[in-house]
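To start, the structure itself, in structure tokens.
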Amino acid sequence: MARKNLLAGLAEKEADDQVSSASKAYPIRGASKSMIRSVNELAKQADAYLEGEHVVELDPNAIDGSFVSDRMGDDKEQYQELLEAIQERGQDSPILVRPHPRIDGRYMIVFGHRRVRVACELGRKVRAVVKEIDDKTHVIAQGQENSARANLSFIEKAMFAKRLEDLGYDRDVISSALASNAAAVSKMVSVVTRIPASVIGKIGSAASVGRERWVELSLLVGKKSDIVNEILSEPEFGEMESNGRFERLLAALNAKGKPVRKAGVKQEAHSWAAEDKSVSVSVKKAGKAVTITVKETDGSRFGTWISDNLGDLYEAFRKSERTATGD
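In my numbering, the protein residues as written are 5 to 331.
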């Protein structure tokens, strides 16, 4: 059964014109077609999930949270402002839910967690749009809404990206959900891979700390785990606000204040040889670059054949990807 094209409009028109109607359905290729051009466009796309849909009132106690978390805790001041606004004039915009994929009669939040929490606290029904969507569309819609509205910090986005990767989603899905290109997503995942989740949890969302400073911290944490444990166990550390906790730990790990540089990328090597040893191939990867070396008796002719058939080989590669993803 064909999926609805819920992601139409993510890319600019000229990018869309290059794609057939079949390929416009999820997922969006080419770094999500150069990604969403602005937060405003992303907000419009998030709104599109609600446009033209029937709004119903649901018991918030019948609604469960998303299967993947994207926040490290609510901003108490912002939450209180939202509660007071809804208490005064009601819920302005509906949330998006889907029928719970495993429990009959219940719903799962796609976006709108705080509005559900407010409704519970105020003892009110929550205004919602109910849509039948699959898990992939769920995480993209959730990521788009939060990237446009929720002002997620870098580390919250990075944790969300890592959770999606751990659930088996590829980089196209994660890029679309976070409105980030493949390189940015790769950096997010590398940061939260190098820093233990327990350390990130102790620091918190650190709303004012950007990507490069988190990268700097990630390069230091593994080298000085004894200092990390010492700082995290300080009584005053837990009393600081999140940005202060980040600054305290980074300052302790980089006492000299010198720029921290990432070590050179280690090359990954792979080799293959024909059974009769007439051809051997070695493949070396370093970052985005791949070097292929062909040797032995038939090496020169095999290399020439590869060069002459690059177009066909690339088409076979694209076909294998489409088959693997079911698109």
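Even glycine gets a Cβ: it sits at the ideal position worked out from N, Cα and C.
Keep in mind it's a predicted model, so treat the numbers as computed, not measured.
Coarse secondary structure for residue i, derived from DSSP in three states
| i | result |
| --- | --- |
| Ser284 | strand |
| Arg106 | coil |
| Ile67 | strand |
| Val213 | coil |
| Leu171 | coil |
| Ser73 | coil |
| Ala186 | helix |
| Gln95 | coil |
| Met192 | helix |
| Lys80 | helix |
| Ile137 | coil |
| Leu221 | helix |
Beta-carbon proximity check, residue i vs residue j, cutoff 8 Å
| i | j | result |
| --- | --- | --- |
| Ala169 | Ser209 | The residue asked about is misnamed: residue 169 is Glu in this sequence, not Ala. For Glu169 and Ser209, no; Cβs fall outside 8 Å. |
| Val195 | Val213 | no |
| Val285 | Val294 | no |
| Phe158 | Arg198 | no |
| Arg305 | Leu254 | no |
| Ser180 | Ile144 | yes |
| Ile137 | Asp68 | no |
| Pro200 | Val120 | no |
| Leu182 | Ser151 | yes |
| Leu378 | Glu125 | Nothing about residue 378 can be reported from this structure: the residues present for the chain run from 5 to 331 only. |
| Gln224 | Asn258 | The amino acid occupying residue 224 in the given sequence is Leu; Gln does not appear at that position. Contact flag set, yes. |
| Val72 | Arg167 | yes |
| Asp230 | Phe164 | no |
| Tyr4 | Arg118 | Absent from the model: residue 4. The displayed extent of the chain is 5 to 331, so no value can be given. |
| Arg249 | Lys206 | yes |
| Ile235 | Ala211 | no |
| Tyr111 | Leu54 | no |
| Glu57 | Lys135 | yes |
| Arg93 | His142 | no |
Which residues DSSP lists as bridging residue i, in chain order
| i | result |
| --- | --- |
| Ala277 | Ser284 |
| Val60 | Ala132 |
| Phe164 | According to DSSP, Phe164 bridges with nothing at all. |
| Thr297 | Ser286 |
| Ile113 | Val101 |
Cutoff 8 Å; reference residue i; Cβ partners in own chain excluding five residues on either side
| i | result |
| --- | --- |
| Val59 | Pro98, Arg131, Ala132 and Val133 |
| Val283 | Ala277, Val298, Lys299, Glu300, Thr301, Asp302, Gly303 and Phe306 |
Residues near residue i by beta carbon distance below 6 Å, same chain, minus five either side
| i | result |
| --- | --- |
| Gly147 | Ala181 and Leu182 |
Cβ shell of residue i (< 7 Å), same chain only, five flanking positions each side left out
| i | result |
| --- | --- |
| Phe115 | Ile99, Leu100, Ala145, Gln146, Glu149 and Asn150 |
| Lys281 | Glu300 |
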